[in-house]
Amino acid sequence: MDTDFLQPGTPPLLVSTTMWGTQQFVSKAIWDVLQPEYKPEPTMEDWNAIEEGFRERWNFPNCIGALDGKHVVLQAPPSS
1 MDTDFLQPGT PPLLVSTTMW GTQQFVSKAI WDVLQPEYKP EPTMEDWNAI EEGFRERWNF
61 PNCIGALDGK HVVLQAPPSS
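Numbering (the UniProt record's numbering), first residue to last: 1 to 80.
Below, the structure written as structure tokens:
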């Protein structure tokens, strides 16, 4: 195994590029293997069940998803 890129004095861009490529390769491999079991593509029945849940709970028909807002910590001004 060639480890010359780990030697002192190696340009940071080379190390960064190598790590980026490796991370992308490993992430895609993990996704390809685990996605079908843990994050399968929703079926029409799944979409209908999600829509029914929004309609029944929130009286919001034809909705199949929602994004949560940003949570920000605020500090009250002095003497407020």
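Glycine included, each C-beta is placed from N, C-alpha and C at the ideal position.
Gly21 (DSSP reduced to helix, strand or coil): Numbered from its first residue, the sequence shown carries residue 21 at position 21. The answer is helix: DSSP assigns Gly21 an H, G or I state.
Going by DSSP, what residue range makes up the alpha helix (DSSP H) through Gly53? By one-based count along the sequence shown, residue 53 stands at place 53. Its alpha helix (DSSP H) spans residues 44–58.
Kindly indicate which residue of Pro61, Arg57, Gly65, Ser27 has the alpha-carbon position closest to the one of Pro42. The sequence position of residue 42 within the sequence shown is 42, counting from 1. If we check each option's Cα against that of Pro42, Gly65 comes out closest.
Distance check for Gln35 and Ile50, CA to CA, integer angstroms please. Against the sequence shown, residue 50 aligns to sequence position 50. Against the sequence shown, residue 35 aligns to sequence position 35. A straight-line Cα-Cα distance of about 20 Å links Ile50 and Gln35.
Going by DSSP in three states, Ala66 sits in which element: helix, strand or coil? On the sequence shown, residue 66 is found 66 positions in, with the first residue counted as 1. Coil, per DSSP.
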